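Below is one structure; the comments refer to it alone.
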Amino acid sequence: MLWSYTKTTAFYALVLVIVVISVFPFYYAILTSFKSGTALFQVDYWPTSFSWDNYISVFSQGAFPRNLLNSVFVATTTVLLALFLAVTAAFALSRVRFRGRSLLLMTILGVSMFPQIAVLAGLFEVIRALGIYNTPWALIFSYTIFTLPFTVWVLTTFMRELPIEIEEAAIVDGATPWVIITRVFLPLMWPALVTTGLLAFIGAWNEFLFALTFTSSNLTRTVPVAIALLSGGSQYEIPWGIIMAASVIVTVPLVVLVLVFQRKIVSGLTAGGVKG
Amino acid sequence: MSSETIVPPAVVLAKPIKSELLSQRVAAARWFLIPMLVALAIVAGWPLLRSIYFSFTDASLTDLYNAKFVGFKNYISWTTLKSGRTIYSGLLVDPVWWNAVWNTLRFAVVSVFFEAVLGMIVALVLNAEFKGRSIVRAAILIPWAIPTIVSAKMWAWMLNDQFGILNDLGLRLGLLSEKVAWTAQPDTAMTAVLIVDVWKTTPFMALLVLAGLQMIPKDIYEAAEIDGVHPVKQFFRITLPLVRPALMVAIIFRLLDAMRIFDLIYVLTPNSSATKTMSVVARENLFDFDKFAYGSAQSTLLFLIIAVMTALYIWLGRVRFDGGDR
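Chain order of the listed sequences is U and X.
Just so you know, our numbering puts 1037 at position 268 of the first sequence, and the rest follows in order with no gaps.
Just so you know, our numbering puts 219 at position 217 of the second sequence, and the rest follows in order with no gaps.
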């Protein structure tokens, strides 16, 4: 009896530790973002003071609102582009037998493992040649390297599971492959599209290396770069309150999305991760 | 009689229709694949080839097009002095590069080790039935959802030497005797990076392992229970062997990811040679030090290392596929 009590207590203690460690840094960032002045440099474990100062300065100083817009635009466009290219490709890779299919799938999987740095020099040249350096298009262009293989791979695994009977019925009715995709499969694929789209969106929203390299002015940066480069009057004067406010603004939409779509994201991650 | 005249044409017709349909589908498939393949060729294939090409030239950031081919000079070259001494130069004898290689390997192995162990523990907890499981699952998704740059900044603030909460906590609990400048000191910088990375990526590992755990049939445990097998023994004899394929794939996947780490280190411990990884030094050379060709050589080497590991991953993945467990 005692032993079983100890076991239950130990288990819940472990659960508590996991939850606290997972949530605490974010909680502490929120706590810090509402402090201002000297309160910032007092270590507090619970909310003691409350002020909107940091949020006001994030939105009034510098280019942060513009950076936010850039991030939204870049991530949304990247995802739409990737999904558009991936749906048809996934149909071909999952429903049609042709020679070299598995080799092609392996190549796509390989590209998703690419270290970004390996293409950085070449991409820089291409982006300069296209004249899109320091524009959002440079990022939309370069992000395709990781969003496209990922979406193709996950949508292929999803389409493979769809029953063949649906497709056969459509073929008997004389539907072309294009009609099958747009009229038969797409309506069935909304859950998968939402999941992959969301994961690709998070990837594009969080990307740093390309965003740092292919943009060079305050107005074209995305939020991760803006946050990384936020600095105060001097090297020793890091504006922690403002950085935390900006961090909270960027993270809250993601956390809400992730919590709302929890189950879908977990299944999408395992499809994209374990299988590829 | 009439049926005899109808049947033969139907049989004759059936085959061409089917193969016509098939070839129509294959043709459509080709058209469907072309946009994706062209896109991947432009954003991945061509830039990769150009990067490799640049590594054999003397290209500089401001002058990409007049680059001259210099062979392996960026990788290794030597000159023999009049005294007979040979001086080697180039990437393969560059201590800064080998320091970065060592940092990357150390980071990858240690972080993935802790992520695997802790991810296993979290996955086992999530696999148990208890009240509030959905809350725990939601909570562990938070570190994963936070952008790397943001988590680097959050932890930089928590690890701050003067005002950081972790120093405060350590002093209060008596774990630290004095405040530590975690991210600035060479001997703790790597620890700081590891803490943040493990915090951020363990959830991912846990979810992958959890997916593997949930595929283990429950009746195996019931049988073990009846036979009176101790839970610890159950873990090592049943759970671990059965979850190993999923765990291995997750580990290799994470290793590949850890090998290319850039953002966390760039933001958390800038300019610390104790943590600079291959990606960090390569980008430095490419864009900050105006040694474009040299940086290209470094990224090419990193690509080769990761390509070998990827081949290994795909090979292992296929072994599992043929193993027929799915």
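Each residue gets a CB set at the ideal place from its N, CA and C atoms; glycine is no exception.
All figures in this text were calculated on a predicted structure; none of them were measured in a lab.
- Task: Select from X:T241, X:F289, X:L209 the residue whose C-alpha is nearest the C-alpha of X:L66.
- Result: Checking every option, the nearest Cα to that of X:L66 belongs to X:F289.
- Short-range partners of chain X found in the segment 786 to 816 of chain U, where Cβ spacing is below 9 Å: I787, V788, V789, I790, S791, V792, F793, P794, F795, Y797, A798, T801, L809, F810, Q811, V812, D813, Y814
- Item | Alpha-carbon to alpha-carbon, U:A798 and X:A295 | Computed Cα separation, rounded: 41 Å.
- Message: With a threshold of 8 Å between beta-carbons, can X:L143 be considered close to chain U, or not?
- Response: yes
- Item | chain U within 8 Å of X:I93, Cβ atoms only | The residue you asked about is not Ile; residue 93 of chain X is Leu in the sequence shown. Not one chain U Cβ lies under 8 Å of X:L93.
- Item | Chain-ordered neighbours of X:M156 on chain U, where CB pairs are closer than 8 Å | For X:M156, the neighbours in chain U by C-beta distance under 8 Å run, in chain order, P794, F795, Y797, A798, M1013, S1016.
- Message: So the candidates are X:D265, X:K293, X:M261, X:G134; which of them puts its Cα closest to the Cα of X:V310?
- Response: X:M261
- Item | Residues within the segment 911 to 930 of chain U neighbouring chain X, beta-carbon criterion of under 9 Å | Within the segment 911 to 930 of chain U, the residues whose Cβ lies closer than 9 Å to some Cβ of chain X are S911, Y912, T913, I914, L917, P918, V921, listed in chain order.
- Query: At least one CB of chain U closer than 8 Å to the CB of X:W188: is that the case?
  - Reply: Note that residue 188 of chain X is Pro in the sequence shown, not Trp. So, not an interface residue.
- Query: Taking buried to mean at least 16 other C-beta atoms within 10 Å of its own C-beta, is U:Q830 buried or exposed?
  - Reply: exposed
- Query: Are the segment 845 to 854 of chain U and the segment 893 to 913 of chain U in contact at 8 Å, needing three or more beta carbon pairs?
  - Reply: yes
- Query: Taking the continuous alpha helix (DSSP H) assigned at X:S113, which residues delimit it?
  - Reply: Here the alpha helix (DSSP H) through X:S113 covers 97 to 129.
- Message: Strictly under 8 Å for the Cβ-Cβ distance: is U:E894 near chain X by that measure?
- Response: Among the CB atoms of chain X, one or more fall inside 8 Å of the CB of U:E894.
- For chain X, find out if any of its Cβ atoms is closer than 8 Å to the Cβ of U:L908; answer yes or no. With a threshold of 8 Å between beta carbons, U:L908 makes no contact with chain X.
- Message: Quick check on the DSSP output: what are the complete beta strand (DSSP E) runs of length 3 or more inside the segment 38 to 89 of chain X, in order along the chain?
- Response: When DSSP assignments are scanned along the segment 38 to 89 of chain X, the uninterrupted stretches of beta strand (DSSP E) that are 3 or more residues long and fall wholly within it turn out to be 79 to 82.
- Query: Between U:R866 and X:A30, what straight-line distance do the alpha-carbon atoms span, to the nearest angstrom?
  - Reply: 12 Å
- Task: Please state if the CB of X:K278 and the CB of X:N105 are separated by a distance shorter than 8 Å.
- Result: Contact: yes.
- Message: Quick check: the Cα distance between U:I971 and U:L878, rounded to an integer number of angstroms?
- Response: 19 Å
- In chain order, what residues of the same chain lie with their CB nearer than 8 Å to the CB of X:M160, ignoring the 5 residues before and after it? G166, I167, L168
- Task: Check whether the Cβ of X:I148 lies closer than 8 Å to any Cβ atom in chain U.
- Result: yes
- Which residues in the same chain as X:I222 place their Cβ atom closer than 7 Å to its Cβ, once the five residues preceding and following it in sequence are excluded? I240
- Amino acids of chain U, ordered along the chain, whose beta-carbon sits closer than 7 Å to that of X:W159: T801, W1009, M1013
- Query: Just to confirm, are U:G966 and U:T801 a CB contact at a threshold of 8 Å?
  - Reply: no
- Message: Using beta carbons (cut-off 8 Å, strictly below), is X:G297 in contact with chain U?
- Response: yes
- Query: Between the segment 850 to 864 of chain U and the segment 263 to 277 of chain X, are three or more C-beta pairs nearer than 8 Å?
  - Reply: no
- Query: Looking only at DSSP bridge pairs, what is X:S91 linked to?
  - Reply: X:S79
- Would you say U:V784 reaches chain X, if we count a Cβ-Cβ gap shorter than 8 Å as a contact? yes
- Query: When you compare only the Cα positions, how much space is there between X:L120 and X:Y55?
  - Reply: 42 Å
- Can you say whether U:A890 is buried or exposed, counting buried as having 16 or more other CB atoms within 10 angstroms of its CB? buried
- Query: Can you give the Cα-Cα distance for X:V283 and U:I886, rounded to whole angstroms?
  - Reply: 10 Å
- Task: Measure how close the beta-carbons of X:A194 and X:T185 come, nearest whole angstrom, since I'm counting them as under 8 Å.
- Result: 5 Å
- Should U:V880 and X:A46 be called a contact, given that it needs their Cβ atoms to be closer than 8 Å? yes
- Task: Out of X:F74, X:S113, X:I36, X:E227, point me to the one whose CA is closest to U:A855's CA.
- Result: X:I36
- With a Cβ-Cβ cutoff of 8 Å, do X:V138 and U:V788 count as a contact? yes
- Answer with yes or no whether the minimum CB distance from U:V1027 to chain X is below 8 Å. yes
- Rounded to whole angstroms, what's the CA-CA distance from X:K293 to X:L24? Just pull it up for me. 54 Å
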